[in-house]
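Counting in the working numbering, the sequence shown runs without a single skipped number right up to 168 at its last residue.
Read the structure below first, then the notes.
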Amino acid sequence: MPFKNFMIRGFILVICLLALMSMTACSIVISNKEPQGELQVVKLIRVIDGDTIKIIHNGEQKTVRLLLIDTPETKKPNSCVQPYGKEASERMKELVENGLVEIELEPNQERDKYGRLLAYVYVDGESVQETLLEEGYARLAYIYKDQYIHLKEYKEAERQAKKQKIRIWKEVGYVTPKGFSGCEA
């Protein structure tokens, strides 16, 4: 009888472990569009431009460069203001100034060559990068490795904006592999 009880308990344990593993696998697939890493609440100080903000993070003032996107220039030294640059900056302000701002860091890629913190930015749980891409204010850029947490959904957002010829995608040749061509008149 003790051997039979041992076998029944072992069988139940195996079934429970299999059920737990299948639930974990399902949650990984289902939550693909949501933040994958730890979200950290930050305090917004100001918007610098369409892809850069200044925040307070862990008690320190930091400049954050939004990962994987590029918007037309408005503040780059020795550069002109580019078409859609002001609009991208204004849209960034609309997105981040009136909500809970959180950041998510990409593993093994914390800072750029200028020392800026690289992060995915969320406001009230919504991805700022994905919104800027969907609305045609930004292009995908600065992809230095094969896998990023949110690259797949960002590619789809950019693809949709290109297909609809929204903002930066209106003029053929405006978006280039190195950025954007032209200056505002």
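Each residue gets a CB set at the ideal place from its N, CA and C atoms; glycine is no exception.
In this text, all values refer to a predicted model and were calculated from it rather than measured experimentally.
- DSSP lists no bridge partner for GLU167.
- By the Cβ-count criterion, GLU93 is exposed, with fewer than 16 other Cβ atoms from all chains shown falling within 10 Å of its own Cβ.
- Put simply, the backbone Cα of ALA140 is about 23 angstroms away from that of ILE31.
- When DSSP reads this structure, ILE36 sits in a beta bridge with VAL30 and VAL47.
- In this structure, ILE86 keeps its C-beta atom at 8 angstroms or more from the C-beta atom of ALA71.
- ALA144 is not a Cβ neighbour of LEU123, given a cutoff of 8 angstroms.
- Counting of Cβ neighbours within 10 angstroms places ARG48 among the buried residues, the total reaching 16 or more.
- Taking the CA atoms as reference points, ARG99 sits about 22 angstroms from THR114.
- In this structure, the alpha-carbon of GLN23 lies about 37 angstroms from that of CYS166.
- Here DSSP, grouped into helix, strand and coil, assigns ARG99 to coil.
- For GLU87, the enclosing beta strand (DSSP E) covers residues 84 to 87.
- Cβ-Cβ distances below 6 angstroms link GLY119 to ALA144, ILE149, ARG150, ILE151 and TRP152 in the same chain, with the five nearest sequence neighbours on each side left out; the list follows chain order.
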